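So the structure is just underneath, and the comments pick up after that.
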Amino acid sequence: MRQDISGKSQLLQRASGASIAVATLAIIALPASVHAEEVASAEVTASTDGGGNRLNDIVVTAQRREENVQDTPVSVNAFDAEALQARGVTSALQLTQVDPSLNISFNADTAYPFIRGIGNIAAGVIGNEASVGTYIDNVYYGRLFSALLDLGDVEHVEVLKGPQGTLFGRNTSGGAIQIFTKDPGQQKEFEAAVGYGNYNTISGRLYAAMPITDTLSWSVAAGGHDQRSGWGHSLVDGSDVYLGSAVSVRTKFIFEPSASTKFKLIGYYAYSNDDFGNVHDVLGGTYTASVPYSGTGTPVTVPSLADLGGFYDARQISTETPEGNTMRTWGASLEFDQDAGFGQFVSITAFRDSLGHAKNQVATAIPGYISLPITTTDRQFSQEWQIKSQPHSPIKWIAGLYYFHYHSGYNPYELAGTYVDGLTGVPGSYISVTGLQTINSYAGFAQTSAPITKSTNFTLGARYSIDDLSGYGEQTLTIPGSGTYDAQPSGVDNPYTNSKTFHSFTWRAALDQHLGRDIMGYGSVSRGFKAGTYNTAGLVAPPAKPEIVTAYELGLKSELFDRRLRLNAALFLNNIKDPQVQTAIQVGDVIAIGLTNAEKAQTKGVEFSGELLAAKGLTLRASAVYLDAVFKSFTTAPVYTGAFEPGTTLTGPTYVDRSGARMVLAPKWRITGGLNYKTYTDIGEFVVDVNAAYTSRFFWTIQNVASQKPTTLVDGTLSFTPASLDNVTFKLWGKNLTNVQYNGWVQESAFPNGTGGYQRQAAAPRTFGGEVAVKF
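The opening residue of the sequence shown carries number 572 in my numbering; numbering runs sequentially from there.
Structural data, given as structure tokens:
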């Protein structure tokens, strides 16, 4: 019997010329955009042709130095603020519309990106880091909350392909997304916008910057939205579902006491409250139990609301037992840059603290059958030191140290409702599950690039990492009037503690060859890893093993017709050892989402991108990715059956060989294309942007039965800036203009008595609105 579990919880809280020729022929047949593989910092600069007769230069610091992306042997897609605003991209979650290599799953108010098929959708496991790392102003974020991904004050964004195993921040196996926000300077700036959209959605953003002294400048950025009408309704009581609000604030101070010294201090706060990350229904074509039963006979099952015309409705949400997620996060960072003469020194210090509360239930049309109130904790601290060569040094080099501390998990979550009452015979009974994970990661890294000839360069880099993990898990059953009892599975200590240390050596080598002034080919091989992690939603076992990726890439970058046409291509192959895969796991009386390891997987394919300045003011763009992503060896895959026939529910798991199965969220084809047209008239400037994104069918689960149908999404914006009022812009926008119905997230969950099933949430229907922005 256990009456107090808080003490120990509080204690833990302290390739070849021939290949290049093939790629050249391929990009002539099908255009593609700008690509990358090491974490990069990019900005789009003004065209060297003041008349706008050439495509803009794209400058990146993918190797921690500024250089034109066309001369860089890495693979990155870069977007500046103007391009993102023109395409209506207001959140990093929407980058999938403009980069076909990127796919993002969103669940429990958390985003999990995939790049080139590498990633996992276990967003419900607090402490699980994404295979694709995300950085905001040079700081790595272990968990991506939606309110943090607002792009209201963005300067530029990069999507980086392939493992990040050498230069930057936390080591990741799939790639990285890097977001840079505006820095204040010696000029005053002010920009504000207010908007209104369908579903009674109000939005706004503000950015103000000003110099305080000759050496000190300051800025503040704020933004948010409030959607007051839902996309659908609850079948229980008719209340609105799919609605919520978010707000974020960021402030910066830039202090430059001399030409060789710079300090950048950033503070931020974000808050969100919504039900977008909750279960609303089950996947179309499947069934789930609607009435709990005593354990004998067949459960009564009902079909998905998507099959009954209620795609955006919910069986499981009501005002009587409200669902929703609230998330509060805040943090700060300090970056120090010093010119040391022989090189440049950089220090980046950051911390973040987050607290989340979620209310979920698992019961079809029976409010209160299984309720899941959840409290999550998420704290991190990081420190990075770099010393690197001067910008114009003939041999480029960098070395550094990195430390990352991450404490996260459930503190606790509870399983309650009439289901638990039925187990004990006492109303008000509940099961409490605590699962906490602490990571201390240490790394040292170095990389150098040197010319072999005037047109050939060789790059070599390496990183050694040590990850110390510790886990704490406790599960108790509380019966009112009786006491608190051990509820861990048989044979598991309560509390359960475990620790594990992982060592990893990762590296990168690249060779680039300039075949002319505007054509460059490159080849690279690199290795990266995603750290091991515990299943914190019931922490009763050692952690999943690290996911290790060895990546090979051949690329070609070219600019033709006096830089009016840019064509790039890349061939890639990723061999994955111990890929981390989402599964449903049972921990005592609790069913949770967790991670398991397959033995081997592989993703391979080709990317193309192209941009054409077709006429004055008119730019055409297109990009495509073909991806073959399969498990090469997965001999003990946890597979669930049922729910696809009337009268059946999801059961399992059974362990079978799924070698050869398609990986999840890995469509064979993703194609994007669009146009941007800017014209000046006597009455003012008009800007039109249209973008379309096609995604072929993909699977949500490893048994390859729950899938997402092919979808094509079309977005568009129209902006007008009057000649007589050139600091005011009026914008109309629309997303998913053809009103395609598709899912934003699906997972399997075998909750008691068949009340789980293939749970889902819908992605956004057609949305549209307008905005007025003023700028000084």
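Cβ coordinates follow ideal geometry from the N, Cα and C atoms, glycine included. All figures in this text were calculated on a predicted structure; none of them were measured in a lab.
Do the CB positions of residue i and residue j come within less than 9 angstroms of each other?
| i | j | result |
| --- | --- | --- |
| Leu722 | Ser816 | no |
| Ile748 | Tyr683 | no |
| Thr1220 | Thr1326 | yes |
| Thr989 | Tyr940 | yes |
| Ile1119 | Thr1072 | no |
| Gly698 | Gly803 | no |
| Leu1246 | Leu1189 | yes |
| Ala841 | Ala1014 | no |
| Ser1350 | Gly733 | Outside the displayed span of the chain (572 to 1347) sits residue 1350, for which this structure offers no information. |
| Ser788 | Phe824 | yes |
Can you tell me where the alpha helix (DSSP H) holding residue i begins and where it ends?
| i | result |
| --- | --- |
| Thr737 | Note, Thr737: premise wrong, no alpha helix (DSSP H); not H, not E. |
Please confirm if residue i has its CB atom under 9 angstroms from at least one CB of chain C.
| i | result |
| --- | --- |
| Leu926 | The structure shown contains no chain C; it is built from a single protein chain. |
Who are the Cβ neighbours of residue i in its own chain at under 6 angstroms, not counting the five residues just before and after it?
| i | result |
| --- | --- |
| Thr1009 | His978 and Ser1041 |
| Ile958 | Gly914, Phe916 and Ala970 |
| Lys1346 | Glu762 and Asn1298 |
| His976 | Phe952 and Asn1011 |
| Leu879 | none |
| Ala1080 | Leu1031 and Val1096 |
| Glu1342 | Ala764, Gly766 and Lys1302 |
| Val1259 | Tyr1248 and Leu1289 |
| Tyr1389 | Examination of residue 1389 is not possible in this model, given that the chain is present from 572 through 1347 alone. |
| Arg899 | Tyr842 and Leu926 |
Under a Cβ-count criterion, where at least 16 other Cβ atoms within 10 Å of its own Cβ denotes burial, should residue i be classed as buried or exposed?
| i | result |
| --- | --- |
| Thr1300 | buried |
| Arg1268 | exposed |
| Arg799 | exposed |
| Lys1116 | buried |
| Lys759 | exposed |
| Ile1023 | exposed |
| Arg1088 | exposed |
| Ile1164 | buried |
| Leu972 | exposed |
| Val1227 | exposed |
Would you kindly report the start and end of the unbroken beta strand (DSSP E) that includes residue i?
| i | result |
| --- | --- |
| Gly993 | No beta strand (DSSP E) holds Gly993; the alpha helix (DSSP H) holding it covers Thr989 to Thr995. |
| Leu1110 | Per DSSP, Leu1110 belongs to no beta strand (DSSP E) and is neither H nor E. |
| Ala1200 | Leu1189 to Ser1204 |
| Gln1332 | Gly1328 to Ala1333 |
| Leu1303 | Val1299 to Lys1306 |
| Ala657 | Unbroken run through Ala657 is the alpha helix (DSSP H), Ala652 to Ala657; no beta strand (DSSP E). |
| Phe751 | Gly746 to Thr752 |
| Gly999 | First-last for Gly999: undefined, no H or E at that position. |
| Tyr1101 | Inspection of the sequence shows that residue 1101 is occupied by Lys rather than by Tyr. Run containing Lys1101: Ile1090 to Lys1101, per the beta strand (DSSP E) assignment. |
| Asp949 | Ser942 to Lys959 |
| Gly1219 | The displayed chain sequence assigns Thr, not Gly, to residue 1219. Taken as a continuous stretch (DSSP letters only), Thr1219 belongs to no beta strand (DSSP E), as it is neither H nor E. |
| Thr1288 | Thr1282 to Pro1293 |
| Val1063 | Careful: Val1063 lies outside any beta strand (DSSP E) and carries neither H nor E. |
| Val1317 | Asn1314 to Ser1320 |
| Pro874 | Val871 to Pro874 |
| Gly698 | Per DSSP, Gly698 belongs to no beta strand (DSSP E) and is neither H nor E. |
| Phe824 | Gly815 to Ser829 |
| Lys759 | First-last for Lys759: undefined, no H or E at that position. |
| Gln1046 | Thr1027 to Ile1050 |
| Ala921 | Gln915 to Gln932 |
| Leu789 | The sequence given here places Trp at residue 789; Leu does not occur at that position. Leu787 to Gln798 is the span of the beta strand (DSSP E), which, as asked, contains Trp789. |
Please list, in chain order, all residues of the same chain as residue i whose beta carbon is under 7 angstroms from its beta carbon, the five residues on each side excluded.
| i | result |
| --- | --- |
| Pro1217 | Tyr858 and Thr872 |
| Gly1315 | Phe677, Gln1332, Ala1333 and Ala1334 |
| Gln1279 | Arg1268, Phe1269, Trp1271, Tyr1313 and Asn1314 |
What separation, rounded to the nearest whole angstrom, lies between the Cα atoms of residue i and residue j?
| i | j | result |
| --- | --- | --- |
| Glu1319 | Asn691 | 14 angstroms |
| Lys1203 | Asn1146 | 9 angstroms |
| Ile1242 | Ala1195 | 4 angstroms |
| Pro965 | Leu1184 | 34 angstroms |
| Tyr778 | Asp651 | 17 angstroms |
| Gly999 | Ala1058 | 16 angstroms |
| Ile837 | Ala921 | 9 angstroms |
| Ile598 | Gly1176 | Residue placement at Ile598 cannot be trusted, given a pLDDT of 32 that sits under 50; the coordinates are not used to answer. |
| Gln1350 | Thr786 | The structure shown does not extend to residue 1350, since the chain is modelled only from 572 through 1347, so no value can be given for it. |
| Leu814 | Ala885 | 12 angstroms |
| Val630 | Asp670 | 18 angstroms |
| Tyr1329 | Glu726 | 39 angstroms |
| Leu994 | Lys1101 | 40 angstroms |
| Asn1028 | Leu1082 | 6 angstroms |
| Asn1069 | Tyr1105 | 10 angstroms |
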